[in-house]
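The opening residue of the sequence shown carries number 5 in our numbering; numbering runs sequentially from there.
A quick write-up on the structure given underneath.
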Amino acid sequence: MMEFVEKVLASAEKEELTVEERNLLSVAYKNVIGARRASWRIISSIEQKEENRGNDDYVAMIRDYRSKIETCDGISRLPLFLYGPNF
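In structure tokens form, the structure reads like this:
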């Protein structure tokens, strides 16, 4: 889905998006962010459990994976197109 969103954002730099396009992008943004939040919560919970168990090897791998989830990639530009510069 993010590949499609990136293509739309690239075309939005040339001309303004229609209301329908902005609404569709908004839904896509919310879906992607919702999935990332759920993943982050699950991974953070697993990280805490493994820390309590003292599994330092697993904790290091989990932290690495959590940092990948926290990386926003192209998502960070999307609110600017959806809500404007005052967002």
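Beta carbons are placed, not taken as given, at the ideal position from N, Cα and C, and that holds for glycine.
Only a predicted model underlies this, so the values are computations on that prediction, with no experimental measurement involved.
Quiz item: Exposed or buried, which one is Val-23 when buried takes at least 16 other CB atoms within 10 Å?
Solution: exposed
Quiz prompt | 6 Å CB neighbourhood of Glu-55 in its chain, flanking five on each side removed | solution = Val-63
Self-check item: Asn-56 (DSSP reduced to helix, strand or coil)
Solution: helix
Quiz item: Out of Asp-61, Asn-59, Met-65 and Tyr-33, which has the shortest C-alpha to C-alpha gap to Ile-47?
Solution: Met-65
Quiz prompt | Alpha-carbon spacing of Leu-29 relative to Arg-40, whole angstroms | solution = 16 Å
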